[in-house]
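Contents: one structure, followed by commentary.
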Amino acid sequence: MNYDDKHRKFLQYLMQAGVVLDSEAAAVAMQIFAERISLKSIRSQINDRLNPLGMDIKGGVCEISGEKYWMVVGTTLEPSVKFPPMFKDPQNTYLKAIFTEIISSEDGSVSSTDCLNLVDNLPEIKLLKRDADIFLKEMYKMGYLCYREGFVFMGVKSIVELQPYFKATYQDNFYTCLLCKDILFHGQKCNNCEKIIHYHCMTKYVSLRKVQNCPNCNEPMKAFDVPAEALNASTHSSQEDDEPMEVTEGSIEEAPEEAPEQVAEDTAEEAQEEASDSSPEIRMKRRSKRSRRI
Numbered sequence: 001m002n003y004d005d006k007h008r009k010f011l012q013y014l015m016q017a018g019v020v021l022d023s024e025a026a027a028v029a030m031q032i033f034a035e036r037i038s039l040k041s042i043r044s045q046i047n048d049r050l051n052p053l054g055m056d057i058k059g060g061v062c063e064i065s066g067e068k069y070w071m072v073v074g075t076t077l078e079p080s081v082k083f084p085p086m087f088k089d090p091q092n093t094y095l096k097a098i099f100t101e102i103i104s105s106e107d108g109s110v111s112s113t114d115c116l117n118l119v120d121n122l123p124e125i126k127l128l129k130r131d132a133d134i135f136l137k138e139m140y141k142m143g144y145l146c147y148r149e150g151f152v153f154m155g156v157k158s159i160v161e162l163q164p165y166f167k168a169t170y171q172d173n174f175y176t177c178l179l180c181k182d183i184l185f186h187g188q189k190c191n192n193c194e195k196i197i198h199y200h201c202m203t204k205y206v207s208l209r210k211v212q213n214c215p216n217c218n219e220p221m222k223a224f225d226v227p228a229e230a231l232n233a234s235t236h237s238s239q240e241d242d243e244p245m246e247v248t249e250g251s252i253e254e255a256p257e258e259a260p261e262q263v264a265e266d267t268a269e270e271a272q273e274e275a276s277d278s279s280p281e282i283r284m285k286r287r288s289k290r291s292r293r294i
């Protein structure tokens, strides 16, 4: 199929929506193209036109729900230079402060109350809490932040689009998922070996192995640690772009012949864009914000 107005219409839909669930994107594609066509094929043809313009259609998985999303992101960011210019101050400075709180926390979250109170610690931005609350809701809608049960997490669009900036700014202050090897902000930690895994990666791994043991040390990992949202979403996300999921040497011997599938291949593309030598060095110790599991 050649690139035509149908592709342009689908691209316009994605750009206007911001972030789109995989199932919704597939349904819209079916309506526009009037035939069953893979999102991978549509994405490839559109990206051939977008890439010279510094844009790309990418997929990413929400760390909280485990659901896959599609979005149009910029690819011309110079991570070592400055924060992506999508907002102006005071929102720019405020969002960076929230990112710092999330990344420096032990479990990748900050309470919504603490988010609002951050404006008190940033007197230079002169942002009212009322305006900060409006801005936060806009960030939830756009996918840059994710809100669940009174806590704020890194949104799927930030995970996909801003990884070069995060790596350049926060250096090695990140966890890496044991299974998909991608950057991780919020996941499940093994109490024995302390390796950390995306909830959605662990869910898929368990569904294939039929036992919920740590892929690294083989110690049991409690089933209730995996959020119900991730369990439900694992059966709905698209499989067409998935590749084999990596596991450690210790877990390969006991794994079935069919390796678990990778669940974050599109996001991994961004993670490979390493920071330059001129990146600022900001190192922080992760601090616990709460003991309750999500």
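1 is the number of the first residue of the sequence shown in UniProt numbering; add one for each residue after it.
For every residue, glycine included, the Cβ atom is placed at its ideal position computed from N, Cα and C.
Given the structure is predicted, the values throughout are model-derived calculations rather than measurements.
Could you have a look at residue i and say whether DSSP puts it in helix, strand or coil?
| i | result |
| --- | --- |
| Asn-92 | helix |
| Pro-123 | helix |
| Val-61 | strand |
| Ala-264 | Only weak support is given to the placement of Ala-264: the predicted model assigns it a pLDDT of 36, under 50, and the value that follows is read from those uncertain coordinates. Residue state, collapsed to three classes: coil. |
| Tyr-140 | helix |
| Asn-117 | helix |
| Asn-47 | helix |
| Cys-201 | helix |
| Tyr-3 | coil |
| Ala-259 | Annotation note: pLDDT 40 at Ala-259 (below 50); position unreliable, coordinate value reported separately. Three-state result, Ala-259: coil. |
| Leu-128 | coil |
| Ala-29 | helix |
| Phe-87 | coil |
Can you tell me which residues form a DSSP beta bridge with residue i?
| i | result |
| --- | --- |
| Gly-155 | DSSP, once it has assigned bridges, lists no residue as partnering Gly-155. |
| Met-55 | Gly-74 |
| Arg-36 | According to DSSP, Arg-36 bridges with nothing at all. |
| Asn-213 | Pro-220 |
| Ser-111 | Phe-151 |
| Val-19 | Met-71 |
| residue 316 | Because residue 316 is not part of the residues shown, which for the chain are 1 to 294, the question remains open. |
Kindly indicate which residue of the options has the alpha-carbon position closest to the one of residue i.
| i | options | result |
| --- | --- | --- |
| Ala-29 | Val-72, Ser-44, Gly-18 and Tyr-13 | Tyr-13 |
| Phe-99 | Pro-123, Lys-141 and Val-152 | Val-152 |
| Thr-93 | Leu-118, Gly-108, Ser-105 and Ser-112 | Leu-118 |
| Gly-54 | Ile-134, Lys-129, Glu-161 and Lys-137 | Glu-161 |
| His-198 | Asn-192, Ser-207 and Gln-188 | Gln-188 |
| Val-186 | Gly-155, Lys-40 and Cys-193 | According to the sequence shown, residue 186 is His rather than Val. Per the Cα distances, Gly-155. |
| Ala-97 | Thr-76, Cys-115 and Tyr-175 | Cys-115 |
| Ile-20 | Arg-36, Leu-122 and Gly-143 | As written in the sequence, residue 20 is Val, which differs from the Ile given in the question. Comparing Cα-Cα distances from Val-20 to each of Arg-36, Leu-122 and Gly-143, the minimum goes to Gly-143. |
| Tyr-170 | Leu-178, Ile-183 and Val-110 | Ile-183 |
| Lys-222 | Ser-207, Lys-204 and Asn-191 | Asn-191 |
| Gln-16 | Gly-150, Lys-141, Ile-196 and Asp-172 | Lys-141 |
| Asp-89 | Ile-125, Trp-70, Met-71 and Thr-113 | Ile-125 |
| Arg-49 | Arg-36, Asp-22, Ala-25 and Asp-5 | Asp-5 |
| Glu-194 | Pro-215, Leu-208 and Gly-18 | Pro-215 |
| Glu-106 | Lys-181, Pro-220 and Phe-174 | Phe-174 |
| Ile-42 | Asn-51, Arg-148 and Asn-2 | Asn-2 |
| Met-202 | Ala-27, Glu-63, Thr-76 and Leu-128 | Glu-63 |
| Gln-31 | Pro-52, Lys-9, Ser-44 and Asn-51 | Lys-9 |
| Gly-18 | Pro-123, Leu-145 and Leu-122 | Leu-145 |
| Ile-196 | Asp-120, Cys-180 and Lys-157 | Cys-180 |
| Phe-33 | Asn-51, Leu-11 and Pro-52 | Leu-11 |
| Val-61 | Leu-127, Lys-137, Arg-36 and Ile-159 | Ile-159 |
| Pro-52 | Arg-36, Thr-76 and Ile-37 | Thr-76 |
Which whole-angstrom value is the C-beta distance of residue i and residue j, which I expect to be below 8 Å?
| i | j | result |
| --- | --- | --- |
| Ile-46 | His-7 | 5 Å |
| Lys-68 | Gly-59 | 6 Å |
| Met-139 | Leu-95 | 7 Å |
| Phe-135 | Gln-163 | Not confirmed; about 22 Å, so no contact. |
| Ser-111 | Gly-66 | About 22 Å separates the two Cβ atoms, so there is no contact after all. |
| Asp-22 | Trp-70 | 7 Å |
| Ser-109 | Ile-102 | 6 Å |
| Leu-39 | Ala-25 | 6 Å |
Taking 7 Å as the cut-off, is the CB of residue i close to at least one heavy atom of the ligand SAH?
| i | result |
| --- | --- |
| Lys-181 | Absence of the ligand SAH from the depicted structure is noted, as is the absence of any ligand whatsoever, leaving it without description. |
* Asked: What residue ranges within the region 158 to 196 form continuous alpha helix (DSSP H) runs of no fewer than 4 residues, ordered along the chain?
  -> Listed in chain order, they are 163 to 170.
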